[in-house]
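Visitor:
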Amino acid sequence: MPKSDLVLLALDNPDILPLFERALAAASYQVAFARDRAALDKVLQETSPALLIISDKFKDASGIEISSNLLERFPTLPILLFATQDSPTFIKDALRVGVSDILTPPLRIDDIMRIVENSLKRAQRIGDWTRREVRRTTASLEKRINELQKLETIFTHIEDGVMILDSDNRILLMNPVVRRAFDLGQKEISGQNVLEVIAHPDLRSLLDSTSTNPLQFYEIGFEDGRVFNAQYTRIPDIGVAITMQDITYFKRIDQMKSDFVHTVSHDLRSPLTAILGYVDLLDRVGPLTDQQREFIQRVRISVHNITGLVNDLLDLGRIESGFEGQKEIVPLDGILNYTLDNLNNQIAAKKQHLHLDLAPHLPSLQGDPIHLRQMLDNLIGNSIKYTPEGGDISVSVEAKGEQVILRISDTGPGIPPADQPHIFDKFYRASNVAVAVPGSGLGLAIVKSIVDNHEGRIWVDSVIGQGTTFTVVLPAYRTEAVMARSS
Ligand code: ADP
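In our numbering, the protein residues as written are 2 to 488.
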């Protein structure tokens with residue numbers, strides 16, 4: 002310990018002051034004096050002494066109280082209290098406020114020396130420990146900050162859009178890709194409800210649908226043609242993460258492919274009509290043998306099948322291109338009855354049982370009646386086609402909130418889980434059906450496009466050997482009258 006440490010004396014007792022001065026000088030400490038409170042504060046402030054010795058009464062104030070105040074401002078300053086009393090309560094009070102030690106008369110020079118030395122040593126040990134702890138904590142904090150900075154850099158530079166919301170859809174984090182996608186600039190948005198900051202209908206549907214729709218993928222489209230594929234993932238104890246990938250390029254390629262298929266199908270239609278026309282004319286231009294007639298019948302069936310396929314392709318192309326037929330206010334139950342009237346023969350032919358469950362007062366939809374009918378034809382037609390003779394087919398429609406929910410269930414073979422994600426793809430036929438069962442694999446692709454065009458959602462629940470349920474959710478068209486009636 003360097004003996005040049007400064008010891009500050011704030012002692013009221015003139016008789017013992019020379020004793021302290023002598024003791025400290027003998028041990029080569031520097032000594033400073035505070036004659037009143039103001040001087041005490043000033044010296045403490047300006048010289049940072051290594052130790053303060055204060056008497057139990059200093060200028061009519063309690064030495065314990067002064068020490069207590071000073072220790073709040075200088076918590077590491079060792080303070081020795083010179084006391085003329087040594088009652089246990091006094092000593093307890095003094096130690097409680099945090100003075101290092103108490104000096105009571107009679108005092109000898111070496112008593113003073115020993116106590117001063119001990120207090121300084123202890124203060125130094127505490128100082129060393131504090132510095133070490135601060136260094137250690139700072140190092141681990143620096144490491145943490147480093148890691149956080151790395152995470153932030155990744156979060157900022159990653160190609161995908163990422164936003165994290167809490168369970169009430171308030172924004173916790175949002176990276177620049179998302180900001181750019183929704184044109185948010187540098188606006189301060191954290192803590193705000195994401196739907197107030199981003200008024201995008203696709204994002205709203207994504208957040209609304211997550212409770213009812215097990216599908217956690219969604220497309221977010223922009224007026225300038227950009228399309229993002231958004232994924233929704235729940236994060237325990239935090240909320241949700243939405244990641245977005247720019248799929249504009251793939252969408253464009255898909256569009257080109259569709260345009261190509263559309264053109265080819267269109268060009269195929271006229272020659273097919275011509276083939277059928279000439280086939281029909283054959284027996285008018287001369288007698289045909291039975292075998293020739295049979296071959297002609299086969300040609301007719303084949304041309305018919307190809308025409309069906311071409312028509313499906315053209316329909317799909319038209320629906321996908323967003324070409325909207327007439328959107329009208331249509332009652333889904335009316336269209337459903339029409340479809341069922343047409344399919345009744347097929348149901349009867351396979352001795353199947355139809356269960357129809359229509360909730361009362363169903364709201365209407367705003368949609369294209371022809372497309373909606375095609376959707377019902379394809380879904381119910383599939384149920385009839387794939388369900389064996391004698392099976393059950395159930396169709397139900399109900400309204401929930403602002404939505405109309407349609408369910409079509411059957412007791413057919415069920416669709417293997419591995420096929421389920423693909424059944425809405427064009428030309429996909431699942432492994433559960435024999436090749437001999439007629440079909441192009443376009444029916445559900447058409448259904449999906451129609452549902453998309455009506456801002457609805459569709460999904461399948463299916464268990465092998467038990468059956469399949471398709472659920473379609475479509476937005477209801479609610480007039481004041483309907484709302485009044487249902488409330
Ligand atoms: P397809 O012309 O083959 O019927 P779809 O697009 O309508 O084409 O259906 C795609 C595939 O999904 C079908 O080939 C079949 O494997 C499966 N599928 C569709 N509906 C059902 C159903 N109700 N029950 C079992 N499988 C079905």
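No residue lacks a Cβ here, since even glycine has one placed at the ideal position from N, Cα and C.
1. Got a sec: does the ligand ADP put a non-hydrogen atom nearer than 7 Å to the Cβ of arginine 270?
2. May I ask you to report which of helix, strand or coil DSSP gives histidine 356?
3. Do isoleucine 424 and the ligand ADP come close, with the Cβ less than 7 Å from some heavy atom?
4. Which one or two residues does DSSP pair with serine 365 in a beta bridge?
5. Is the beta carbon of lysine 449 closer than 8 Å to that of isoleucine 465?
6. Does at least one heavy atom of the ligand ADP sit under 7 Å from the Cβ of isoleucine 451?
7. CB of alanine 446 to nearest heavy atom of the ligand ADP: below 7 Å?
8. Using a threshold of 7 Å, is the CB atom of valine 179 nearer than that to any non-hydrogen atom of the ligand ADP?
9. For asparagine 14, which beta-bridge partners are listed by DSSP?
10. Would glutamate 55 and leucine 82 qualify as a contact pair, given that the criterion is a beta-carbon distance under 8 Å?
11. Just to confirm, are aspartate 13 and lysine 60 a CB contact at a threshold of 8 Å?
12. Assign glutamate 66 to buried or exposed, taking buried as 16 or more other Cβ atoms, counted over all protein chains shown, within 10 Å of its Cβ.
13. Hey, would you say leucine 104 sits closer than 8 Å to isoleucine 92, going by beta carbons?
14. Would you list the one or two residues that DSSP bridges to lysine 58?
15. Please report the straight-line C-alpha distance between aspartate 247 and phenylalanine 229, rounded to a whole angstrom.
16. Considering Cα atoms alone, identify which of Leu53, Leu377, Arg36, Pro414 is closest to leucine 475.
17. Quick check: the Cα distance between valine 300 and valine 280, rounded to an integer number of angstroms?
18. Quick check: does the Cβ of leucine 204 come within less than 7 Å of any heavy atom belonging to the ligand ADP?
19. Taking the alpha-carbon of aspartate 411 as reference, which of Pro418, Pro389, Pro361 has the nearest alpha-carbon?
20. Take methionine 2 and list the residues in its own chain whose beta-carbon comes closer than 8 Å to its own, dropping the five residues that flank it on each side.
21. On the criterion of 16 or more Cβ atoms from any shown chain inside 10 Å, does phenylalanine 21 qualify as buried, or is it exposed?
22. Please give me, in chain order, every unbroken run of the alpha helix (DSSP H) with length at least 4 that falls completely inside the stretch 278-361.
23. With which residues is phenylalanine 229 paired in a DSSP beta bridge?
24. Is any non-hydrogen atom of the ligand ADP found closer than 7 Å to the C-beta of leucine 363, if you look at the structure I gave you?
25. For my contact list, aspartate 209 and glutamate 220 are in at a C-beta cut-off of 8 Å; report their separation, rounded to the angstrom.
26. Would leucine 413 and threonine 469 qualify as a contact pair, given that the criterion is a beta-carbon distance under 8 Å?
27. Sorted by chain position, which residues of the same chain lie with C-beta nearer than 6 Å to aspartate 393's C-beta, five sequence neighbours on each side aside?
28. Measure the CB-CB distance between isoleucine 409 and serine 384 and report whether it falls below 8 Å.
29. Given the structure, does asparagine 312 come close to the ligand FMN, in the sense that its CB is under 7 Å from one of the ligand's heavy atoms?
30. What is the DSSP secondary structure of serine 450, reduced to helix, strand or coil?
31. Less than 8 Å between the C-beta atoms of threonine 249 and alanine 242, yes or no?
32. Please state if the CB of valine 8 and the CB of proline 50 are separated by a distance shorter than 8 Å.
33. So what does serine 395 bridge to, in DSSP terms?
Guide: If we stick to the structure as given:
1. Not one heavy atom of the ligand ADP sits closer than 7 Å to the Cβ of arginine 270.
2. Collapsing the DSSP output to three states places histidine 356 in a strand.
3. Set against 7 Å, the gap from the CB of isoleucine 424 to the closest heavy atom of the ligand ADP is smaller.
4. According to DSSP, which records beta bridges pairwise, serine 365 is partnered with Tyr478.
5. Between isoleucine 465 and lysine 449, the gap from beta carbon to beta carbon reaches 8 Å or more.
6. Every heavy atom of the ligand ADP is 7 Å or more from the Cβ of isoleucine 451, so no.
7. Checking every heavy atom of the ligand ADP against the Cβ of alanine 446, one is found closer than 7 Å.
8. For valine 179, the distance from the CB to the nearest heavy atom of the ligand ADP is not below 7 Å.
9. Paired residue(s): none; asparagine 14 is not in a bridge.
10. It is worth fixing the name first, because residue 55 is isoleucine in this sequence and not glutamate. With respect to leucine 82, isoleucine 55 sits close: the two C-beta atoms are nearer than 8 Å.
11. Yes, they are a contact pair.
12. Burial check for glutamate 66: the Cβ neighbour count within 10 Å stays below 16, so the residue is exposed.
13. Against a cut-off of 8 Å, the Cβ pair of isoleucine 92 and leucine 104 comes out as no contact.
14. Ser63, per the DSSP bridge assignment.
15. The straight-line gap from Cα to Cα measures roughly 4 Å.
16. When the alpha-carbon of leucine 475 is set against those of Leu53, Leu377, Arg36, Pro414, the nearest one is in Leu377.
17. Linking valine 300 to valine 280 through their CA atoms gives a straight-line distance of about 8 Å.
18. Taking 7 Å as the cut-off, one finds no heavy atom of the ligand ADP near enough to the beta carbon of leucine 204.
19. Across the set Pro418, Pro389, Pro361, the C-alpha of Pro389 shows the shortest separation from the C-alpha of aspartate 411.
20. Low confidence applies to methionine 2: its pLDDT is 45, below 50, so where it sits in the model is not reliable enough to give any reading.
21. Phenylalanine 21 sits buried, since 16 or more C-beta atoms from the chains shown fall within 10 Å of its C-beta.
22. Secondary structure in the stretch 278-361: the alpha helix (DSSP H) runs of 4 residues or longer, each lying completely within the stretch, are 291-321, 333-350 in chain order.
23. The partner list for phenylalanine 229 (beta bridge, DSSP) reads Ile221, Asp247.
24. No, since every heavy atom of the ligand ADP falls outside the 7 Å radius drawn around the Cβ of leucine 363.
25. About 15 Å separates the Cβ atoms of aspartate 209 and glutamate 220, ruling out a contact at the 8 Å cut-off.
26. Looking at the sequence itself, residue 413 is glycine, so the reference to leucine does not match. Yes, the pair counts as a contact, with Cβ atoms nearer than the cut-off.
27. Here the set comprises His354, Thr412.
28. In this structure, serine 384 lies closer than 8 Å to isoleucine 409 by Cβ.
29. Only the ligand ADP can be found as ligands here, which leaves the ligand FMN out of the picture.
30. Note: serine 450 maps to helix in three-state DSSP.
31. For threonine 249 and alanine 242, no; Cβs fall outside 8 Å.
32. For proline 50 and valine 8, yes; Cβs fall inside 8 Å.
33. Serine 395 is bridged by DSSP to His356, Ser410.
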